[in-house]
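Worksheet: the structure to be examined is printed underneath.
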Amino acid sequence: MRVTVQVFARLRELAGQSEWQCEVAPGATIGDVWKKSASTYPPLADFSRSVSCARNEDFARMNAPVQDGDVIAFLPPVSGGVK
Amino acid sequence: MSRFLITSDPLAVERLAAALEQASRHVDEGCGAVCTFVGVVRATHKGRRVRHLEYEAFEPLAMKVFDRIDAEVRAEWPRASVGIHHRIGRLEIGEASVAIAASSAHRPEAFQVCRYAIERVKQVLPVWKHEFFEDGDAWVEGAVADPDDEAARVRAHEVACA
Numbered sequence: 001m002r003v004t005v006q007v008f009a010r011l012r013e014l015a016g017q018s019e020w021q022c023e024v025a026p027g028a029t030i031g032d033v034w035k036k037s038a039s040t041y042p043p044l045a046d047f048s049r050s051v052s053c054a055r056n057e058d059f060a061r062m063n064a065p066v067q068d069g070d071v072i073a074f075l076p077p078v079s080g081g082v083k
Numbered sequence: 084m085s086r087f088l089i090t091s092d093p094l095a096v097e098r099l100a101a102a103l104e105q106a107s108r109h110v111d112e113g114c115g116a117v118c119t120f121v122g123v124v125r126a127t128h129k130g131r132r133v134r135h136l137e138y139e140a141f142e143p144l145a146m147k148v149f150d151r152i153d154a155e156v157r158a159e160w161p162r163a164s165v166g167i168h169h170r171i172g173r174l175e176i177g178e179a180s181v182a183i184a185a186s187s188a189h190r191p192e193a194f195q196v197c198r199y200a201i202e203r204v205k206q207v208l209p210v211w212k213h214e215f216f217e218d219g220d221a222w223v224e225g226a227v228a229d230p231d232d233e234a235a236r237v238r239a240h241e242v243a244c245a
């Protein structure tokens, strides 16, 4: 099945594009989509521990399953919150 | 005027404050306090001179985060009201990047809600800041955005009520 991946800010710069299609096996999770994306765009891997994600424009967890046609967004840390 | 907004237009905190006051003027006790916060572009970052900034948002998700902050405020301060406007695009030094207004019948709640709102914005709003210096550029990366992180929410509440 196929999902659309969106990335923002630094992740977009590292990937060199803001959106792409990703083919994953049935039963795949958002984490699988991330792994596949990071293997296509290796600089993304630096964010594996700090990335958050959204599925169809709502926050989601990396272990959530994806469905054909989903739009999966990966978000680098947001601009605030440093304490 | 929408209480929650992501916009590339200059922000106007007075108009947001006036809208909140008008909306709560005849509700319960009425409105006796409006507290505002404006975040502006600073000329330096960690000793480097900033030339300008660019803000980027994941807007549909940001609107959902606004709804969530609004619901958190209603649950904690049922008689207060909050509005948050965040600017995106290129901003020059001194321009407002975020404007927040909080209204309530009495000032303690208005101050608390205003502070809570900016803390939550910094924790979870999907907005990214790209700083352009005289000698390079950098993305500011702080919090891992997770609205379900209860510890972060409690921290914001503690800061607001300190």
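Heads up: the protein sequence lines correspond to chains A and B, in order.
Heads up, the first sequence is in my numbering, so the first residue is 1 and it goes up one at a time.
Heads up, the second sequence is in my numbering, so the first residue is 84 and it goes up one at a time.
Where is the CB? At the ideal position from N, CA and C, for every residue including glycine.
Enumerate in chain order the residues of its own chain whose CB-to-CB distance from residue i is below 8 Å, with the five nearest sequence positions on each side excluded.
{"i": "F87(B)", "result": "M146, F149, D150, D153, G166, I167, H168"}
{"i": "K83(A)", "result": "Note that K83(A) scores 45 on pLDDT, short of 50, meaning its location in the model is unreliable; the coordinates nonetheless yield the value given after this. Hits under 8 Å: none found."}
{"i": "T127(B)", "result": "V133"}
{"i": "A242(B)", "result": "The identity of residue 242(B) in the sequence shown is Val, whereas the question assumes Ala. Excluding sequence neighbours, V242(B) sits near R198, Y199, E202."}
Here's a check: name, in chain order, each residue in its chain whose Cβ is nearer than 7 Å to the Cβ of residue i, leaving out the five neighbours to either side.
{"i": "R134(B)", "result": "F215, F216, E217"}
{"i": "E142(B)", "result": "I89"}
{"i": "S79(A)", "result": "none"}
Take residue i and list the residues in its own chain whose beta-carbon comes closer than 6 Å to its own, dropping the five residues that flank it on each side.
{"i": "I183(B)", "result": "F120, I167, C197, A200, I201"}
{"i": "R29(B)", "result": "Outside the displayed range of chain B (84 to 245) lies residue 29(B), so it cannot be described from this structure."}
{"i": "R203(B)", "result": "I152, A239"}
{"i": "S164(B)", "result": "L103, S107, S186"}
{"i": "C114(B)", "result": "E104, S107, R108, S186"}
Quick one, which of the options has its alpha-carbon nearest residue i's?
{"i": "A116(B)", "options": "S85(B), V223(B), H189(B)", "result": "H189(B)"}
{"i": "S50(A)", "options": "Q6(A), L75(A), T29(A)", "result": "L75(A)"}
{"i": "R170(B)", "options": "A158(B), E192(B), L208(B)", "result": "L208(B)"}
{"i": "W20(A)", "options": "T29(A), A28(A), V33(A)", "result": "V33(A)"}
{"i": "W160(B)", "options": "G177(B), A179(B), F194(B)", "result": "F194(B)"}
{"i": "E13(A)", "options": "S52(A), A64(A), Y41(A), D68(A)", "result": "Y41(A)"}
{"i": "E112(B)", "options": "A100(B), V156(B), S186(B)", "result": "S186(B)"}
{"i": "L11(A)", "options": "E57(A), T29(A), D46(A)", "result": "D46(A)"}
{"i": "C118(B)", "options": "S91(B), A100(B), V110(B)", "result": "A100(B)"}
Helix, strand or coil: which one does DSSP assign to residue i?
{"i": "T4(A)", "result": "strand"}
{"i": "I176(B)", "result": "coil"}
{"i": "V51(A)", "result": "coil"}
{"i": "A126(B)", "result": "coil"}
Mark residue i as exposed unless 16 or more other C-beta atoms lie within 10 angstroms of its C-beta, in which case mark it buried.
{"i": "A95(B)", "result": "exposed"}
{"i": "A60(A)", "result": "buried"}
{"i": "D70(A)", "result": "buried"}
{"i": "S180(B)", "result": "buried"}
{"i": "Q105(B)", "result": "exposed"}
If the cut is a Cβ gap below 9 Å, which residues of chain B does residue i touch?
{"i": "L88(A)", "result": "Nothing about residue 88(A) can be reported from this structure: the residues present for chain A run from 1 to 83 only."}
What residues of chain B sit near residue i, judged by a beta carbon separation below 8 Å?
{"i": "R10(A)", "result": "W211, W222, E224"}
{"i": "A96(A)", "result": "With chain A running from 1 to 83 in the structure shown, residue 96(A) is simply not present."}
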